[in-house]
Structure formats: C-alpha cells, structure tokens
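If you count the sequence shown from 1, position 174 lands on 177 in our numbering, and the numbers rise without skipping.
We put the CB at the ideal spot given by N, CA and C, even for glycine.
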Amino acid sequence: MKLKIAVLAGDGIGPEIMEQGVAVVNAVARKFGHGIEYREAICGADAIDKVGAPFPEETFRTCMESDAVLFAAVGDPKYDNDPTSKVRPEQGLLAMRKKLGLYANIRPIETFDCLVHKSPLKDEIVHGADFICIRELTGGMYFGPKKEGTDEAYDTNIYSRAEVERILRVGYKYALARKRHLTVVDKANVLASSRLWRNVAMEVMKEYPEVTTDFMFVDNASMRMIQEPRFFDVIVTENTFGDILTDEASCITGSMGLLPSASTGEHTPVFEPVHGSWPQGKGLNIANPIAQILSAAMMFEYFGLKEEGTVIRKAVQASLDAKVRTPEIQVEGGAHYGTREVGQWIADYIRSH
Ligand code: IPM
Ligand code: MN
Numbered sequence: 004m005k006l007k008i009a010v011l012a013g014d015g016i017g018p019e020i021m022e023q024g025v026a027v028v029n030a031v032a033r034k035f036g037h038g039i040e041y042r043e044a045i046c047g048a049d050a051i052d053k054v055g056a057p058f059p060e061e062t063f064r065t066c067m068e069s070d071a072v073l074f075a076a077v078g079d080p081k082y083d084n085d086p087t088s089k090v091r092p093e094q095g096l097l098a099m100r101k102k103l104g105l106y107a108n109i110r111p112i113e114t115f116d117c118l119v120h121k122s123p124l125k126d127e128i129v130h131g132a133d134f135i136c137i138r139e140l141t142g143g144m145y146f147g148p149k150k151e152g153t154d155e156a157y158d159t160n161i162y163s164r165a166e167v168e169r170i171l172r173v174g175y176k177y178a179l180a181r182k183r184h185l186t187v188v189d190k191a192n193v194l195a196s197s198r199l200w201r202n203v204a205m206e207v208m209k210e211y212p213e214v215t216t217d218f219m220f221v222d223n224a225s226m227r228m229i230q231e232p233r234f235f236d237v238i239v240t241e242n243t244f245g246d247i248l249t250d251e252a253s254c255i256t257g258s259m260g261l262l263p264s265a266s267t268g269e270h271t272p273v274f275e276p277v278h279g280s281w282p283q284g285k286g287l288n289i290a291n292p293i294a295q296i297l298s299a300a301m302m303f304e305y306f307g308l309k310e311e312g313t314v315i316r317k318a319v320q321a322s323l324d325a326k327v328r329t330p331e332i333q334v335e336g337g338a339h340y341g342t343r344e345v346g347q348w349i350a351d352y353i354r355s356h
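Here you go:
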C-alpha cells in the first residue's frame, strides 16, 4: 500500500517520540513492502514561534493532502502561565480536529499484565481491564459560543441530534466488534444537552438489539472506572466528559505514556498519543515513545492492515518483557533505556522477527 503521512511533531517531547514513531513505521513498511511518503508540518507553540499561528494554513493543506496524520503533542508552559495570551498552542490542536471534521476520538484503555503493579489501583482491580472510550471531539463546550469578559464568562455546551447520533453509531460499530456492551455517559439529571444525548441514544439503541446499552451519569462513571474498570467495554460520551474521563482512565494502565488514540471523521484521520507535550522532559531522552508507536499501530489498523498493527503490538510487548523500558515503568535495578533506545529496540525487533 502507498501511504502519504503528514508528520506533526509539535512541542516538548513531541519531536523525540515522533522520531521513534517514524522509525517503527519505517520498519513495518519495509517488512510488508509499503511505500510511505512523509510530509513534515509545523503546529503548536513551534508554529506560533515560526509563523504566528498554531495550525497554519499550510499545515492544514498538508494534512488534507495526506492519507493520515501522525501527531505527537503540543503545549508550552510559557502560554499556560499567561492568561492574557491571545494565541495558544492548544488552539492548534482544536483547529486541526475541527477543520478535519474529526468528531470521533477513540481511546483504548488496555493494561499490560507486567505493568499492572505501576497502577495506583490494586492489581486485582486493574487486571484484565480493557475498554475503549469514544469521545465526541468537535462539539460541546469546546466549540460552542463563548464569552470571555472580565466579570462574566461562559462556554456553551451545545449538541445537535445529528452530532450525537453519528458518534453513537461509531460506538455501536466498536461494541459490535467487541463485547457488545455500550455505556453512554452523560449528566442527564442536570444538563439539557445530556438529555438530548439520552433521548437520541434511546432511539438509536433499538437498532442494535445485540448490544447491551446502559446509561451512567458522569460522576458515577468516574467512580466506577476506578472501582470496577472491567465493567466497561465501550464508553461513548461528549467532548468534555471524554477529555476528563480518559485522563482518569490512563492511570489504570500505570503510565500515560502507553496510551494511543485515533481521531476519525470526515477528512484525514489523526493518530496521536493521549498524553501531552511534557515540557519538563523535553530533550532529556526519557519520554516513553510507546503511546506514539501504538498510535502508529492504530493507523495501520485503520487502513485494514491488521497484521502490521499486530507486529507493532507484539514488538512493544516484547520490549516490556525484555525490560527495555523508559524510567517511569522500569523495574527496580533495571538498566536505563531512553526514548531512542526503546524506539530503536522496537524497530529492530520488527525488522528481525
Ligand atoms: C486531549 C488534550 C486536549 C483536549 C488539549 C491539549 C486541548 O487534553 O487531547 O485530551 O483537551 O482535548
Ligand atoms: Mn485531555
């Protein structure tokens, strides 16, 4: 297969983990005879510094002309600590999602048996947890009408029936391919927008009798997720709730550096780690490249290249088993491996197996 991939490394640890993501894509491409053409493009604080905008028009064009976007992370503390700043790196990410019509953000929460002890939760709670969170990504409060005054401010949590319906259908597609259990997370006891979600879901669920649908308030879901993560199979929820719940869910696995995601919708899909740009780790060769590498696996799988995805997943598992791990998940007394060493080990493993 021929694939044009836009490479958006962004800020902080972004370029370092991206280098390893690309090395792994190359190893897979060589093994299976795929032709990959990369196009690098700027975004985030890096793009603000260079051209004054976090998602420049040229980057948008590069994304539109590609089959997939591999994205690393954006964000820089110099903007976090300056509420007066007119332009922020995160706006670039939001603009990318909106302009590419990426309404479905797929975040799988899988645990690695050998890392269960790294989770702040007890082993017996974490063991075997395996669910995906499907976060609506282009609606809700993030994009609704806003006012930002000095004495008053608001964000509007607005959803249309069509937006809710299409994301629910994505949820059912995944549920049908998994354990056929879908949980709609909302706050229908308080929010009008959530009642729309629930009404639409109650209609759509009738078309999927094979799937058990249940409804959970977001406060309850956030508790259940750490109390009994195995309860969940597929979660579908709105933008803000999904943002919060997936950070919480990432703790279940032991390291946020392990979680990949796919954002899909109308135009070019984006594959990116769930974690951010971790500016403190920048340039230190200590960031875990696995979330980026697994995002590449999701990219191959998106194009129906299942075996390619499996090969990456196996290599990642082998690196963990061989204790080739970045510091935050390394065993006590284990050797030091940096971002580069872990990435190269995984790419070598793919080449030689
Ligand atoms: C995420 C991030 C983004 C979000 C930020 C960086 C805008 O936290 O992808 O979860 O809130 O969507
Ligand atoms: Mn987030």
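Legend entry - Secondary structure of C136, DSSP reduced to three states: Strand at C136.
Legend entry - N-terminal and C-terminal residue of the alpha helix (DSSP H) that R354 is part of: Run containing R354: 342–355, per the alpha helix (DSSP H) assignment.
Legend entry - Segment limits, beta strand (DSSP E) that includes V10: Start and end: 5–13.
Inset, instruction - Under 8 Å by Cβ, that's how I've got M99 and C46 pegged, so tell me the actual separation to the nearest angstrom. - result: Contact between M99 and C46 holds, with the beta-carbon distance rounding to 7 Å and staying under 8 Å.
Legend entry - DSSP-derived helix/strand/coil call for T271: It is coil, neither helix nor strand.
Legend entry - Backbone CA spacing between K5 and R33 [nearest angstrom]: Those two C-alpha atoms are separated by around 12 Å.
Legend entry - CB contact flag (V187, T141, <9 Å): Not closer than 9 Å, so no.
Inset, instruction - Keeping to the same chain, check which residues put their C-beta closer than 7 Å to that of F234; ignore five residues upstream and five downstream. - result: Hits under 7 Å: R227.
Inset, instruction - For T271, count neighbouring Cβ atoms within 10 angstroms of its own Cβ and tell me buried if that reaches 16, exposed if not. - result: So T271 counts as buried.
Inset, instruction - Consult DSSP for T216 and reduce its assignment to one of helix, strand or coil. - result: T216 falls in the strand class under three-state DSSP.
Inset, instruction - Give the DSSP bridge partners of G38, in chain order. - result: Partner(s): K5.
Legend entry - Alpha-carbon to alpha-carbon, E241 and F134: Distance between F134 and E241, taken at the CA atoms: about 17 Å.
Inset, instruction - May I ask whether a heavy atom of the ligand IPM can be found less than 8 Å away from the beta carbon of E251? - result: No; taking the cut-off as 8 Å, the Cβ of E251 has no heavy atom of the ligand IPM nearer than that.
Inset, instruction - Throw me the rounded Cβ distance for the L248 and I293 pair, which I believe falls under 8 Å. - result: Approximately 21 Å separates the beta-carbon atoms of L248 and I293; this is outside 8 Å, ruling out the contact.
Inset, instruction - Would you mind sorting F63 into buried or exposed? The rule is 16 or more other CB atoms within 10 Å of its CB. - result: The residue in question, F63, is buried, as its Cβ has 16 or more Cβ neighbours within 10 Å.
Inset, instruction - Output the boundary residues of the alpha helix (DSSP H) element that contains P80. - result: Looking at the DSSP string, the run of the alpha helix (DSSP H) that includes P80 is 80–83.
Inset, instruction - Please name the residue in S266, Q230, P282 whose C-alpha comes closest to that of L105. - result: If you compare the alpha carbons of S266, Q230, P282 with that of L105, the shortest gap goes to S266.
Legend entry - Element boundaries [alpha helix (DSSP H), containing K149]: First-last for K149: 149–151, but that is the beta strand (DSSP E), not the alpha helix (DSSP H).
Legend entry - the segment 46–60 in contact with the segment 333–344 per 3-pair CB rule at 8 Å: A contact between stretches requires three or more CB pairs, one per stretch, nearer than 8 Å, and the segment 46–60 fails this requirement with the segment 333–344.
Legend entry - Heavy atom of the ligand MN within 8 Å of V273 beta-carbon: Every heavy atom of the ligand MN is 8 Å or more from the Cβ of V273, so no.
Legend entry - Chain-order list of residues whose beta-carbon lies under 7 Å from that of F244 (same chain, five-residue window excluded): Excluding its 5 nearest sequence neighbours in each direction, F244 has C-beta neighbours in its own chain below 7 Å: V188, V221, listed in chain order.
Inset, instruction - May I ask you to check if the CB of D83 is nearer than 8 Å to at least one heavy atom of the ligand MN? - result: In this structure, the C-beta of D83 stays at least 8 Å away from each heavy atom of the ligand MN.
Legend entry - Bridge-paired residues (DSSP) for A76: Beta-bridge annotation (DSSP): A76 is paired with G13.
Inset, instruction - For H120, name the three-state secondary structure that DSSP assigns. - result: For H120, the three-state secondary structure derived from DSSP is helix.
Legend entry - Within 9 Å, strictly: CB atoms of V77 and D49: Result yes, Cβ atoms of V77 and D49 sit closer than 9 Å.
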